[in-house]
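J.: Numbering (our numbering), first residue to last: 499 to 722. Backbone N, C-alpha and C fix where the C-beta goes; we use that ideal spot for every residue, glycine too. I am attaching a structure below and will ask some questions about it afterwards.
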Amino acid sequence: MTEELPTPSGGSAASATLDLGAILGGPFRDPRALPKFLGGCLAVIGILFFGLGLLALLGFSFQTAQRARAGEEHPMPEWSDIGSLLGDGLRVLGVALGYFLAPLALTIVAAVLSVIPVLGGLADFVLGPVTLLLGLLAVILLPVALAQMVASNEIGSAFRIQENLRLIQAHLGTYVVFLLIVILIEILEAASFALCGIGIIPGLFWSQAAFGIGLGQSARTMGI
């Protein structure tokens, strides 16, 4: 059954812009920030013990992006429908694995060949740069692929490579800014570990929520 997608409201996509304050601070401005953060922290802990916590976090980020794209002021979803979050998280993980499949495969091949004295050095020389390039391309293309899935709610849209490349080309400035914001989110997430170590738990949840808000804003701004 196809879920009915929220439609963007509050102005045209062309008038929308990336709001750094809303992306970074949005998770804290939610009137129900405390219970949502508590649920997110449990999901982070669940990564270590059950693994399903990762899917829940990915699904939470995905649904946050859908609501941010629709222009909702507080886009973070509730944790009540955990089945829906896990299902969306599984789809996000599938897309990510699809984009990183080639570099992962080459990494495994290089590791196998490294045990052979003659072929080990050659594998590093040839496969190393190719693996790095494919990994970099995956990192660049994955956000627009997820934005496509956020808009269509269909996993197949994430793999329309030519269409995704055209979107990046048409909105290069916005896309570069979003990638820089993602880097900033990753830096702040890493910095959260400095808070006696335990700060990484809410920090990981915040980074997923902030990424979701930024992804939704980017999809809206790019007219996806």
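Within this structure, are the beta carbons of A621 and L611 separated by less than 7 Å?
T.: yes
J.: Ignoring anything shorter than 4 residues or poking outside the stretch 515-545, list the alpha helix (DSSP H) runs there in chain order.
T.: 518-527
J.: Look at A566 and I722 and say whether their C-beta atoms are less than 7 Å apart.
T.: no
J.: Use the C-beta contact count for S515: other C-beta atoms within 10 angstroms, 16 or more gives buried, fewer gives exposed.
T.: Note that residue 515 is Thr in the sequence shown here, rather than Ser. Counting Cβ neighbours within 10 Å, T515 comes out exposed, since fewer than 16 surround it.
J.: Please list the terminal residues of the continuous alpha helix (DSSP H) segment that includes V610.
T.: 580-611
J.: I believe L702 touches V542 by the beta-carbon criterion, under 8 Å. Please report the beta-carbon distance rounded to the nearest angstrom.
T.: Yes, they are in contact, since the Cβ atoms of L702 and V542 sit about 5 Å apart, within 8 Å.
J.: Confirm, please, whether the CB-CB distance from S582 to Q706 is below 7 Å.
T.: no
J.: Is it buried or exposed for S578, if we count other Cβ within 10 angstroms and need 16 for buried?
T.: exposed
J.: Is the distance from the Cβ of Q646 to the Cβ of S655 below 7 Å?
T.: Going by beta carbons, Q646 and S655 fall inside the 7 Å limit.
J.: Quick check: what's the CA-CA separation for P573 versus Q564?
T.: 8 Å
J.: For the structure I just gave you, are there three or more beta carbon pairs, one from the stretch 679-689 and one from the stretch 526-539, closer than 8 Å?
T.: Per the Cβ contact rule, the stretch 679-689 is not in contact with the stretch 526-539 (fewer than 3 Cβ pairs under 8 Å).
J.: Measure the C-alpha to C-alpha separation of T719 and V637 and round it to an integer number of angstroms.
T.: 20 Å
J.: Assuming A608 and L625 make a contact with CB atoms under 8 Å, what is their CB distance in whole Å?
T.: 5 Å
J.: Please state if the CB of V674 and the CB of A717 are separated by a distance shorter than 7 Å.
T.: no
J.: Would you tell me roughly how many angstroms separate the C-alpha atoms of A643 and G619, rounded to the nearest one?
T.: 35 Å
J.: Over what stretch of residues does the alpha helix (DSSP H) that includes E687 continue unbroken?
T.: 670-689
J.: Check this for me: beta carbons of W704 and P525, under 7 Å apart or not?
T.: yes
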